[in-house]
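Numbering (my numbering), first residue to last: 967 to 1328. Heads up, the beta-carbon is just placed ideally off N, CA and C, and yes, glycines get one too. All figures in this text were calculated on a predicted structure; none of them were measured in a lab. Before any comments, here is the structure.
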């Protein structure tokens, strides 16, 4: 009788482990949709994607429950239905967070106690179910100390457990659980991620191997913002991906980031317009791919760094075009990664980059 009780006790745990094993996705052709980007979700060419991320939900500063801005409630609640009109098999995830220091502090505070973690977790699952999402995505930018590392691990382990428990009680497929993470120590120290917990708890992670070199950090010369390779030994997409794998996260749980935008520098001399050319008065803001193409620039490709750049007079843009997008997707496939993701789909130009990425993967 005692042995039977032990067996019954173990069944839920065994179910959870097996469910996690067999709920992995076969490929990720992902894309984030920025709800503030001006493109209705119904106009996304979802046939190029397997997974679309609806960005962003936020946190209530008092309760740490996950919330959706009331002005965006109808967009978010109809997101899945809208993108499935063109592609009924596309899966959707609600992305929580985004890149600002206030949110980073809120994540740190939320994850610091079991009570607030539970508030966050329970509300996120309820929001996902109420709005017909297939999963949840954590965009905490970024854990920045050892305490954050510990609490990040506690958060995602408890989140995974709650998702599996909810799936059993509701009879619905378990929600996907993913995260957007820093792609290099250039962006944020990777040492403050709990690698083993990440490998165990997330279905996969989206590695943001972009914004490595920008006008903010290099105002006096042009740069490749998201190089796949870097012969100088400095930061690159390959360096970031390799570091994640070397830290114990399997390659088949990683998706490589593709920026559908770039950065603009002003050339000191329009006749000297290559990589690392002298520049002045940089425009430090990002520029969408469609806006770069809108000025009809002269486009160049550098296979050493795996980056594109474009010039129109003294305006110089570092970005990814079809050549570098194709090369990065090929790299991801050869490296054994699960796939790729784009930030963000509304910045594409007539879906050229989306189509290139999807066709390159096959």
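Grouping DSSP H, G and I as helix and E and B as strand, with all else coil, what is residue i?
i            : result
residue 1160 : coil
residue 1210 : helix
residue 1137 : coil
residue 1045 : helix
residue 1263 : coil
residue 1128 : helix
residue 1325 : helix
residue 1320 : helix
residue 1218 : helix
residue 1311 : helix
residue 1302 : coil
residue 1277 : strand
residue 1091 : helix
residue 1080 : helix
residue 988  : A caution first: residue 988 carries a pLDDT of 36, below 50, which makes its placement in the model unreliable, though a value can still be read off. Residue 988 falls in the helix class under three-state DSSP.
residue 1007 : helix
residue 1112 : helix
residue 1071 : helix
residue 1121 : helix
Out of the options, state which residue places its alpha-carbon closest to the alpha-carbon of residue i.
i            : options                : result
residue 1105 : 1074, 1210, 1128       : 1074
residue 1123 : 1154, 1169, 1110, 1150 : 1169
residue 1301 : 1216, 1261, 1270, 1319 : 1216
residue 1064 : 1001, 1163, 1275       : 1001
residue 1230 : 1269, 1280, 1211       : 1280
residue 1195 : 1205, 1295, 1189       : 1205
residue 1166 : 1121, 1209, 1200, 1179 : 1121
residue 1151 : 1208, 1259, 1143, 1098 : 1208
residue 1173 : 996, 992, 990          : 996
residue 1267 : 1136, 1293, 1129       : 1293
residue 1091 : 1218, 1138, 1111       : 1138
residue 1071 : 1277, 1233, 1028, 1012 : 1028
residue 1118 : 1310, 1308, 1159       : 1159
residue 1059 : 1067, 1096, 1026       : 1096
residue 1232 : 1277, 1296, 1066       : 1277
residue 1088 : 1033, 1262, 1050       : 1033
residue 1093 : 1043, 1317, 1210, 1191 : 1043
residue 1239 : 1080, 1260, 1190       : 1190
Can you tell me whether residue i is buried or exposed, with buried defined as 16 or more other CB within 10 angstroms of its CB?
i            : result
residue 1361 : This structure does not reach residue 1361, given that the chain is present from 967 up to 1328, and the question cannot be answered.
residue 1069 : buried
residue 1083 : buried
residue 1246 : exposed
residue 1045 : buried
residue 1311 : buried
residue 1040 : exposed
residue 1325 : exposed
residue 1322 : buried
residue 1320 : buried
Can you round the beta-carbon distance between residue i and residue j to whole angstroms, since I take them to be within the 8 Å contact cut?
i            : j            : result
residue 1086 : residue 1014 : Contact doesn't hold; Cβ gap of about 32 Å is too wide.
residue 1197 : residue 1286 : At roughly 18 Å, the Cβ-Cβ gap does not stay under 8 Å, so residue 1197 and residue 1286 are not in contact.
residue 1221 : residue 1283 : So it is not a contact: roughly 25 Å between Cβ atoms.
residue 1244 : residue 1187 : 6 Å
residue 1110 : residue 1154 : 7 Å
residue 1012 : residue 1056 : 5 Å
Taking C-beta to C-beta, are residue i and residue j nearer than 8 Å?
i            : j            : result
residue 1145 : residue 1108 : no
residue 1022 : residue 1062 : yes
residue 1315 : residue 1256 : yes
residue 1313 : residue 1227 : yes
residue 1141 : residue 1199 : no
residue 1270 : residue 1290 : no
residue 1077 : residue 1161 : no
residue 1103 : residue 1019 : yes
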